[in-house]
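Peer 1:
Numbering (mature numbering (1 follows the signal peptide of the UniProt record, and there is no 0)), first residue to last: -19 to -1, 1 to 427.
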């Protein structure tokens, strides 16, 4: 078995930078690295949504790279008003571009911001490069650790817990979204409490799927990816062990999740609507599938795609919740103001601000203190039939346990999802699994 890490990427970057030099000299390679970092920053400035807060005469100027729409600049207006000596420049960009730019800046040794978010599936990719980051424990992170869910905090830590890479932002506890009208048409209960009692296990889920398909002709799920993800994320281990060794062929859990999804495909319980396609989004509005196994942030996607629909509800996931999404904010070693950056982050990601981020942008809090706040406890959503959706997500979040992902988690996941869609196209599941193992080994060995 083989270990994989971030430093491999750094080495590759350095070799490429040297090869592109005019004379191959060390000095020229260093110049290329710095130029690449500058280009990364320029690309951010050109493509990103940039927000600058505070006075131009502030003593400390902080830079913060984010991906997606977070609402953090709006929250930070209060901070810079109370701390006029600090100004903050936010750059929000597409997630893939964000990580590419951040990786480039770290590799080059210049151009990184004072603060940068890292998405959950990317987090382990950076852990072999501790020297590129400030250990937040040295700045006092251990004093705020108890404010966060244990499993969330652990994702941002080294395996031994001595090095804290980031402070958690939002998370993505998973639930079962379902169409009450389709359940009713099939003669099944549609009230959330009754649905939860009816579908407690994956066998229950399959039984309901069979009834719905027989009575309505509608598949239970949208695509194999969401079904596989749901079962995979309930397992105590995933694709790699804590030594970052691939364990696909020695651990039973991923294979069980694959087999479950493949079996449902062959029973016609799963549709072939790939995520983020127009057909997949349209299915939320026209009832093309009965359930959507997905995280908290999916509620906004459903509302956007089916704004006039009145039949979506949610229930707990069969056999327990997982987590799909979330990020951690790091302070790169290149920062000239790590103490000030940390002080700002402890304010921004504290329970009070996480509550506001949930109200403003739907970012589900990683701080359990929020789950007891009155404005959170009393949250109801008329779109989902007046359910207390926040409470459902909170119950799911409290069930999740930390699972090590590994630095090339995304590469392995891509091969498995591709394999399931091959099964959807007629491939034999067992033969395809063997193909997945071979393709994964080849991919990781590149």
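The C-beta atom is built at its ideal place from N, Cα and C for all residues, glycine as well.
Starting from residue 113, follow the alpha helix (DSSP H) in both directions and report where the run begins and ends.
Peer 2: Segment: none, residue 113 is in no alpha helix (DSSP H) and carries neither H nor E.
Peer 1: How should residue 4 be labelled, buried or exposed, when 16 other C-beta atoms within 10 angstroms of its C-beta is the threshold for buried?
Peer 2: Summary for residue 4: the model assigns pLDDT 39, below 50, so the residue's position carries little reliability; its value from the coordinates is reported in the next sentence. When all chains shown are included, residue 4 counts as exposed.
Peer 1: Give the secondary structure of residue 381 by DSSP, where H, G and I count as helix, E and B as strand, and everything else as coil.
Peer 2: coil
Peer 1: What residue range does the alpha helix (DSSP H) around residue 37 cover?
Peer 2: Residue 37 -> no alpha helix (DSSP H), and no H or E assigned at all.
Peer 1: Write down the C-beta distance between residue 221 and residue 53 rounded to the nearest angstrom, noting that I regard them as a contact closer than 8 Å.
Peer 2: Rounded, the Cβ-Cβ distance is 31 Å, inconsistent with contact.
Peer 1: Residue 31 bridges to which residues according to DSSP?
Peer 2: 72.
Peer 1: Compare the Cα-Cα distances from residue 115 to each of 320, 304, 149 and report the closest residue.
Peer 2: 320
Peer 1: Rounded to whole angstroms, what is the Cα-Cα separation between residue 388 and residue 108?
Peer 2: 8 Å
Peer 1: Could you give the first and the last residue of the continuous beta strand (DSSP E) run that contains residue 274?
Peer 2: 272 to 276
Peer 1: With a Cβ-Cβ cutoff of 8 Å, do residue 347 and residue 98 count as a contact?
Peer 2: no
Peer 1: By a C-beta neighbour count over all protein chains shown, 10 Å radius and 16 as the cutoff for buried, is residue 50 buried or exposed?
Peer 2: exposed
Peer 1: Given 8 Å as the limit, is there contact between the segment 361 to 374 and the segment 285 to 294, that is, 3 or more CB pairs closer than that?
Peer 2: yes
Peer 1: So residue 442 packs on residue 338, CB below 8 Å; how close in whole Å?
Peer 2: With the chain covering -19 to 427 only, the question about residue 442 has no answer from this structure.
Peer 1: Does DSSP classify residue 157 as helix, strand or coil?
Peer 2: strand
Peer 1: If contact is defined by three or more beta carbon pairs under 8 Å, each pair taking one atom from either stretch, is the segment 129 to 140 in contact with the segment 236 to 256?
Peer 2: no
Peer 1: Can you name, in chain order, every residue of its own chain whose Cβ lies under 7 Å from the Cβ of residue 197, other than the five neighbours on each side?
Peer 2: Hits under 7 Å: 163, 166, 167.
Peer 1: According to DSSP, is residue 179 part of a helix, a strand, or is it coil?
Peer 2: In the three-state scheme derived from DSSP, where H, G and I count as helix and E and B as strand, residue 179 is classed as helix.
Peer 1: Would you please state the rounded distance, in angstroms, between the beta carbons of residue 41 and residue 61? I believe it to be under 8 Å.
Peer 2: That belief does not hold up - the Cβ atoms of residue 41 and residue 61 are roughly 10 Å apart, past 8 Å.
Peer 1: Expressed to the nearest angstrom, what Euclidean distance is found between the alpha-carbon atoms of residue 105 and residue 386?
Peer 2: 7 Å
Peer 1: Once the 5 residues before and after residue 343 are set aside, which same chain residues still bring their CB inside 6 Å of it?
Peer 2: If we look at residue 343 and ignore the five residues flanking it on each side, its Cβ neighbours are 281.
Peer 1: Is it buried or exposed for residue 358, if we count other Cβ within 10 angstroms and need 16 for buried?
Peer 2: Within a 10 Å sphere around the beta-carbon of residue 358 sit fewer than 16 other beta-carbons, which makes this residue exposed.
Peer 1: Checking 8 Å against the spacing of the C-beta atoms, do residue 156 and residue 377 come in under that value?
Peer 2: yes
Peer 1: Can you tell me where the alpha helix (DSSP H) holding residue 417 begins and where it ends?
Peer 2: If you look at residue 417, you'll find it in the alpha helix (DSSP H) that goes 410 to 425.
Peer 1: Thinking C-alpha only, which one of 217, 370, 311, 423 is nearest residue 144?
Peer 2: 311
Peer 1: Spatial neighbours of residue 80 within its chain, please: CB distance less than 8 Å, with the 5 preceding and 5 following residues excluded, ordered by chain position.
Peer 2: The beta carbon of residue 80 lies closer than 8 Å to those of 48, 99, 100, 103 in the same chain, with the five residues before and after it left out.
Peer 1: Select from 136, 189, 421, 142 the residue whose C-alpha is nearest the C-alpha of residue 118.
Peer 2: Taking only the C-alpha atoms, the option nearest residue 118 is 142.
Peer 1: Spatial neighbours of residue 203 within its chain, please: C-beta separation below 7 Å, excluding the five flanking residues on both sides.
Peer 2: 252, 254, 261, 264, 270, 273
Peer 1: Rounded to a whole number of angstroms, what is the C-alpha to C-alpha distance between residue 417 and residue 228?
Peer 2: 13 Å
Peer 1: Cα separation between residue 89 and residue 191?
Peer 2: 55 Å
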